[in-house]
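Asks: Residue numbers (our numbering), protein chains in the order written: chain A, 16 to 361; chain B, 16 to 361.
2 protein chains.
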Amino acid sequence: MPPPSNRPADGRIRAFVRRIFAAALAAQLLVATGCTTVGQGIDPLPSWNDTAPKRAIVAFVINASTEGNPGFIPAAARIAVFDNDGTLWAEQPVYFQLQFAFDRVKALAASHPEWKTTQPFQAVLEGDHRALAATGERGIAQIMIATHAGMTTDEFAETVSGWVASARHPRFNRPYTDMVYQPMVELLAYLRSRGFKTYIVSGGEGDFMRVFAEKVYGIPPEQVIGSSMLTQFEMKDGRPVLVREAKLDFIDDKAGKPVAINKFIGRRPVLAFGNSDGDQQMLEWTAAGAGPRFMGIVHHTDAEREYAYDRQSSIGRLDKALDEANARRWTVVDMKRDWKRVFAFE
Amino acid sequence: MPPPSNRPADGRIRAFVRRIFAAALAAQLLVATGCTTVGQGIDPLPSWNDTAPKRAIVAFVINASTEGNPGFIPAAARIAVFDNDGTLWAEQPVYFQLQFAFDRVKALAASHPEWKTTQPFQAVLEGDHRALAATGERGIAQIMIATHAGMTTDEFAETVSGWVASARHPRFNRPYTDMVYQPMVELLAYLRSRGFKTYIVSGGEGDFMRVFAEKVYGIPPEQVIGSSMLTQFEMKDGRPVLVREAKLDFIDDKAGKPVAINKFIGRRPVLAFGNSDGDQQMLEWTAAGAGPRFMGIVHHTDAEREYAYDRQSSIGRLDKALDEANARRWTVVDMKRDWKRVFAFE
Numbered sequence: 016m017p018p019p020s021n022r023p024a025d026g027r028i029r030a031f032v033r034r035i036f037a038a039a040l041a042a043q044l045l046v047a048t049g050c051t052t053v054g055q056g057i058d059p060l061p062s063w064n065d066t067a068p069k070r071a072i073v074a075f076v077i078n079a080s081t082e083g084n085p086g087f088i089p090a091a092a093r094i095a096v097f098d099n100d101g102t103l104w105a106e107q108p109v110y111f112q113l114q115f116a117f118d119r120v121k122a123l124a125a126s127h128p129e130w131k132t133t134q135p136f137q138a139v140l141e142g143d144h145r146a147l148a149a150t151g152e153r154g155i156a157q158i159m160i161a162t163h164a165g166m167t168t169d170e171f172a173e174t175v176s177g178w179v180a181s182a183r184h185p186r187f188n189r190p191y192t193d194m195v196y197q198p199m200v201e202l203l204a205y206l207r208s209r210g211f212k213t214y215i216v217s218g219g220e221g222d223f224m225r226v227f228a229e230k231v232y233g234i235p236p237e238q239v240i241g242s243s244m245l246t247q248f249e250m251k252d253g254r255p256v257l258v259r260e261a262k263l264d265f266i267d268d269k270a271g272k273p274v275a276i277n278k279f280i281g282r283r284p285v286l287a288f289g290n291s292d293g294d295q296q297m298l299e300w301t302a303a304g305a306g307p308r309f310m311g312i313v314h315h316t317d318a319e320r321e322y323a324y325d326r327q328s329s330i331g332r333l334d335k336a337l338d339e340a341n342a343r344r345w346t347v348v349d350m351k352r353d354w355k356r357v358f359a360f361e
Numbered sequence: 016m017p018p019p020s021n022r023p024a025d026g027r028i029r030a031f032v033r034r035i036f037a038a039a040l041a042a043q044l045l046v047a048t049g050c051t052t053v054g055q056g057i058d059p060l061p062s063w064n065d066t067a068p069k070r071a072i073v074a075f076v077i078n079a080s081t082e083g084n085p086g087f088i089p090a091a092a093r094i095a096v097f098d099n100d101g102t103l104w105a106e107q108p109v110y111f112q113l114q115f116a117f118d119r120v121k122a123l124a125a126s127h128p129e130w131k132t133t134q135p136f137q138a139v140l141e142g143d144h145r146a147l148a149a150t151g152e153r154g155i156a157q158i159m160i161a162t163h164a165g166m167t168t169d170e171f172a173e174t175v176s177g178w179v180a181s182a183r184h185p186r187f188n189r190p191y192t193d194m195v196y197q198p199m200v201e202l203l204a205y206l207r208s209r210g211f212k213t214y215i216v217s218g219g220e221g222d223f224m225r226v227f228a229e230k231v232y233g234i235p236p237e238q239v240i241g242s243s244m245l246t247q248f249e250m251k252d253g254r255p256v257l258v259r260e261a262k263l264d265f266i267d268d269k270a271g272k273p274v275a276i277n278k279f280i281g282r283r284p285v286l287a288f289g290n291s292d293g294d295q296q297m298l299e300w301t302a303a304g305a306g307p308r309f310m311g312i313v314h315h316t317d318a319e320r321e322y323a324y325d326r327q328s329s330i331g332r333l334d335k336a337l338d339e340a341n342a343r344r345w346t347v348v349d350m351k352r353d354w355k356r357v358f359a360f361e
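(1) Between the Cα of ALA125 (chain B) and the Cα atoms of B:GLY221, B:LEU140, B:PHE115, B:PHE111, which residue gives the shortest distance?
(2) Decide yes or no for the touch test of the segment 334-353 of chain B against the segment 311-318 of chain B: beta carbon pairs closer than 8 angstroms, at least 3 of them.
(3) Taking only runs of the alpha helix (DSSP H) that begin and end inside the segment 131-216 of chain A, which ones reach a length of at least 4 residues, in chain order?
(4) So which residues of chain A does LYS278 (chain B) contact, with C-beta pairs closer than 8 angstroms?
(5) Closest Cβ-Cβ distance between PRO235 (chain B) and chain A: below 9 angstroms?
(6) Compute the Euclidean distance between the alpha carbons of VAL231 (chain A) and VAL256 (chain A), then round it to the nearest angstrom.
(7) May I ask which residues mark the beginning and end of the beta strand (DSSP E) holding GLN247 (chain A)?
(8) According to DSSP, which residues form a beta bridge with TYR324 (chain B)?
(9) Quick one: is GLY49 (chain A) near chain B, going by C-beta distance under 9 angstroms?
(10) Around the Cβ of ALA148 (chain B), are there at least 16 other Cβ atoms within 10 angstroms (buried) or fewer (exposed)?
(11) Can you pull out the residues from the segment 280-310 of chain A whose beta carbon lies closer than 7 angstroms to at least one beta carbon of chain B?
(12) Just the chain B side, please: which residues come within less than 7 angstroms of VAL239 (chain A) by C-beta, in chain order?
(13) For the segment 155-170 of chain B, which residues have a CB atom closer than 7 angstroms to at least one CB atom of chain A, in sequence order?
(14) Kindly indicate if chain B contains any beta-carbon less than 9 angstroms away from that of VAL91 (chain A).
(15) Using only CA atoms, which one of B:ALA204, B:TYR196, B:ARG93, B:ARG119 lies nearest to GLY306 (chain B)?
(16) Residues of the segment 174-200 of chain A with a CB closer than 8 angstroms to any CB of chain B: list them in chain order, please.
(17) Go ahead and pull the three-state DSSP assignment for PHE360 (chain B).
(18) Quick one: grab the DSSP three-state call for ASP100 (chain A).
(19) From the DSSP secondary-structure annotation, give me the bridge partner or partners of THR346 (chain B).
(20) Considering ALA287 (chain A), what are the terminal residues of the alpha helix (DSSP H) in which it resides?
(21) One question on the structure: do ALA275 (chain B) and VAL216 (chain B) come within less than 9 angstroms of each other, judged by their Cβ atoms?
(22) Suppose contacts are defined by Cβ-Cβ distances below 9 angstroms. Is ASN64 (chain A) in contact with ASP353 (chain A) by that definition?
(23) Which residue wins for smallest C-alpha separation from GLU260 (chain A), given the options A:GLY271, A:ILE266, A:PHE248, A:GLU201?
(24) Note the first and the last residue of the continuous alpha helix (DSSP H) segment covering GLU229 (chain B).
(25) For GLU220 (chain B), count neighbouring C-beta atoms within 10 Å of its own C-beta (all shown protein chains included) and say buried if the count is 16 or more, exposed if not.
(26) State the CB to CB distance for the pair ALA240 (chain B) and TYR214 (chain B), rounded to an integer number of angstroms; the pair is presumed to be in contact (CB under 8 angstroms).
(27) Taking all protein chains shown into account, decide if ASP366 (chain A) is buried (16 or more other Cβ within 10 angstroms of its Cβ) or exposed.
(28) Using 8 angstroms for Cβ pairs, my map puts ALA336 (chain A) next to ASP292 (chain A). What's the rounded Cβ distance?
(29) What does ARG254 (chain B) touch in chain A if you count any residue whose Cβ is under 7 angstroms from its own?
(30) Following the continuous alpha helix (DSSP H) through VAL73 (chain A), name the residue where it begins and the one where it ends.
(31) With distance defined between alpha-carbon atoms, name the residue in B:ASN290, B:ALA270, B:MET199, B:GLU361 nearest to LYS69 (chain B).
(32) Under 8 angstroms: do the segment 189-198 of chain B and the segment 101-120 of chain B share three or more Cβ pairs, one atom per stretch?
(33) Buried or exposed: ALA47 (chain B), going by 16 or more other Cβ atoms within 10 Å of its Cβ?
(34) Can SER62 (chain A) and ARG356 (chain A) be called in contact, C-beta distance under 9 angstroms?
(35) When the distance is taken between beta carbons, is GLY304 (chain A) closer than 9 angstroms to ARG283 (chain A)?
(36) Compute the Euclidean distance between the alpha carbons of VAL109 (chain B) and ALA146 (chain B), then round it to the nearest angstrom.
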């Protein structure tokens, strides 16, 4: 209630009513355009340069979320999927989850004296990359099993949480969760402000990413899709637990990505972002739907601020997907050219 | 703007301001209590009798969604999971998806003349329940493969959609989607109005339920978790498709339910509803979390309006879970006593 007043009460109350109406009208407009966080005139993507990718993204998003527009997409269908490693955060010099596994080997070595003389563990403990590489996929699988299985899901989440809090990236000397790309974090928030539901669809493990995805990306656990270990429901001291077994359940990579999207989401995304050949089928699956859609690739071109790699890299190789992106005119983001800032800590 | 007026302008405008304030205050209260759809004084569960289960549900939900309350649960953690067959819709005289499979055998019989003389298909075509039962689990598996595999996910969804539109329940002569329990539909809507995220976690197939779940339950595809067939990403005439293979991927039943909840949702529900021993582990998993939680069982006690069955039934057997529910004081809904209405069409 406005304070009681006499002179000139009528005028003051009218002005007050007008202000309330103006606010109500503005609120209504914001709801109508689906725009609740990003106001008009405020740049939703300040870490992007004003180049073609940013323009294509903004045009797609505004069209998709503006009713009556030919590019309009009903809110329920606004599903956006993002690869994680190399798309939302860095993946060099090795996938961060693999670094987690190496760090776990070191942490567990005291209770495994035999590892000092047994490969692949010896190679990890001695930092011998050549010897590690020589153990091949089988060696990596042994490391993964030794560090990722045989505990409950709660215990695993706690271990990851502790690692996230203490581990540092070897080049940038920052927590790994600081290695997220600021332009992509802005894109995720922008999409959500326009009624999109943002998902991670990554080759990394779901239960690994879930530990930090909500905090760093604003993506809740139920929108994190990844590779998975088999888990087994058991009673332990009268309480039910899920024990992580030494068996891979599913690899969410390449042709596995559309499979996982169908299984977890049950409808086709309208926007997909990846950075490597592992994302090609997800991009193709997204592209093959009817109506407006957006396919994007993060191209690592900035050795100075981050890393530069593509066709020859063993991690995050971008070769066939780059050819297809160019041929089909998908949006290829050149990190050096198109991003004003890569990391928030810069 | 109120119309311009002179006599007595001040009083009228003041009354108008007061009304606006009252509305704003009411709106604020609704937001504060998380109550946006269900207004005060309107019964959110009109198809429930005013017995213990309804009171327990309402108390739990109001507490969970009222900040400052000891039973308060942050919105992001308000995950509610529901079994489907026998919990949200009927499951007698046979699981509806199995009836779909039988109907598909009949529809496909013309292009499979050999089925006339080959079990288990002959039994289905002749309606010979005894012969069908004699083929056992292997027979059912053959029927499922013949009717559920070898097509794309899009083709399967279309087939289910056609069946849903045309098939009728043998006793009630209604579309199967009319066989949903009105009290449970109200409960789902009530929970959502209080900020809960509602999920299906069912032994039925995800891609089967997704065809109708949004329409009949208001549950979007990405919140439908079920059993699944393996799918394979393929290029068909230059377009990517997912082909349903003749292999089971995952059975979302019994101990599989907590496994699926962890895999798909990544956090523990605070409310779970089931109706059979197949839901026992899901209820246990939900119960084992910290803080307030609600475990409910739909007990089929009404042979007149629906069906009456529990410990001896081959479909939806409720035996061990009923003992546990009684011992741990979970809420057991007696359909006959606690539901004013079972189906909307009554």
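Every residue, glycine too, gets a C-beta built ideally from N, C-alpha and C.
Replies: Once the coordinates are examined:
(1) The shortest C-alpha separation from ALA125 (chain B) is found at B:LEU140.
(2) Look at the beta carbons and you see the segment 334-353 of chain B touching the segment 311-318 of chain B: at least three pairs across the two are nearer than 8 angstroms.
(3) DSSP runs (the alpha helix (DSSP H)) wholly in the segment 131-216 of chain A: 136-141, 144-149, 151-163, 168-181, 197-208.
(4) By Cβ distance, chain A contributes GLY221, SER243, THR246, ASP264.
(5) Interface residue, yes.
(6) CA-to-CA, the gap between VAL231 (chain A) and VAL256 (chain A) works out to about 27 angstroms.
(7) Where GLN247 (chain A) is concerned, the enclosing beta strand (DSSP E) stretches over 239-251.
(8) Answer is B:HIS315.
(9) Only weak support exists for where GLY49 (chain A) lies, its pLDDT of 41 falling under 50; the value from the coordinates is given anyway. Not an interface residue.
(10) Exposed, because fewer than 16 other Cβ atoms sit within 10 Å of the Cβ of ALA148 (chain B).
(11) Close to chain B, meaning a Cβ-Cβ distance shorter than 7 angstroms, are the following residues of the segment 280-310 of chain A: ILE280, GLY281, ARG282, GLN296, GLU299, TRP300, ALA303.
(12) Within chain B, the residues GLY281 have their CB atoms less than 7 angstroms from the CB of VAL239 (chain A), given in chain order.
(13) Residues passing the 7 angstroms Cβ filter: THR168.
(14) One point to set straight first is that residue 91 (chain A) is Ala, not Val, in the sequence displayed. At least one chain B Cβ lies under 9 angstroms of ALA91 (chain A).
(15) Selected option, being the one with the closest Cα: B:ARG93.
(16) Within the segment 174-200 of chain A, no residue has a Cβ that lies closer than 8 angstroms to any Cβ of chain B.
(17) Assigned with DSSP and collapsed to three states, PHE360 (chain B) falls in coil, not helix or strand.
(18) Reduced to three states, the DSSP call for ASP100 (chain A) is strand.
(19) Under DSSP, the beta-bridge partners assigned to THR346 (chain B) are B:GLY311.
(20) Per DSSP, ALA287 (chain A) belongs to no alpha helix (DSSP H); it is in the beta strand (DSSP E), 286-289.
(21) A distance below 9 angstroms separates the beta carbons of ALA275 (chain B) and VAL216 (chain B).
(22) Yes.
(23) It is A:PHE248 whose Cα lies nearest to the Cα of GLU260 (chain A).
(24) Per DSSP, GLU229 (chain B) belongs to the alpha helix (DSSP H) from 221-232.
(25) The C-beta of GLU220 (chain B) has 16 or more other C-beta atoms within 10 Å across all chains shown, which makes the residue buried.
(26) One detail in the question is off: residue 240 (chain B) reads as Ile in this sequence, not Ala. Contact annotation, ILE240 (chain B) with TYR214 (chain B): C-beta distance approximately 6 angstroms; criterion of less than 8 angstroms satisfied.
(27) Examination of residue 366 (chain A) is not possible in this model, given that chain A is present from 16 through 361 alone.
(28) Yes, they are in contact, since the Cβ atoms of ALA336 (chain A) and ASP292 (chain A) sit about 5 angstroms apart, within 8 angstroms.
(29) For ARG254 (chain B), the residues of chain A that pass the 7 angstroms Cβ criterion are ALA303, in the order they occur in the chain.
(30) That run of the alpha helix (DSSP H) goes 67-79.
(31) Selected option, being the one with the closest Cα: B:MET199.
(32) Yes, they touch.
(33) Interpretation of ALA47 (chain B) is limited by its pLDDT of 39, a score under 50 that renders its predicted location unreliable; the figure taken from the coordinates is listed afterwards. Exposed: under 16 other Cβ atoms inside 10 Å.
(34) Taking a C-beta distance under 9 angstroms as the contact criterion, SER62 (chain A) and ARG356 (chain A) qualify as a contact pair.
(35) Yes, they are a contact pair.
(36) Distance from the CA of VAL109 (chain B) to the CA of ALA146 (chain B), rounded to the nearest whole angstrom, comes to 16 angstroms.
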